[in-house]
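Residue numbers (the numbering used here): 186 to 269. Ideal Cβ positions, reconstructed from N, Cα and C, are used throughout, including at glycine. Below is one structure, written out as structure tokens, with a few remarks after it.
Okay, structure coming up:
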């Protein structure tokens, strides 16, 4: 069930990114940053990191929240997560 939720959220993210492809790069970055910010707050999760690839190159990377709450370490696009 957890994996299906992850797949659903990734699918929604990809669909959202398709609609913003024709926008200028800065608008896309702002929308994606806002999307992961809202997602992290709405789902009440400690952190999230995401990236968007085009032709095997990152065109956007973002992160929100804390990867280590106890030590106040912010998440980054390079944060490694464990998935159970």
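query	result
In this structure, does DSSP put residue 253 in helix, strand or coil?	strand
Can you give the beta carbon distance from residue 268 to residue 250, rounded, assuming they're within the 8 Å contact cut?	About 16 Å; that fails the 8 Å criterion.
DSSP three-state label for residue 240, please.	coil
Quick check on this structure: which residue in 228, 247 and 213 has the alpha carbon closest to the alpha carbon of residue 190?	228
Would you report the Cα separation of residue 193 and residue 199, rounded to the nearest angstrom?	10 Å
How is residue 266 classed by DSSP in three states: helix, strand or coil?	coil
If you compare alpha carbons, which of 195, 241 and 235 is closest to residue 266?	235
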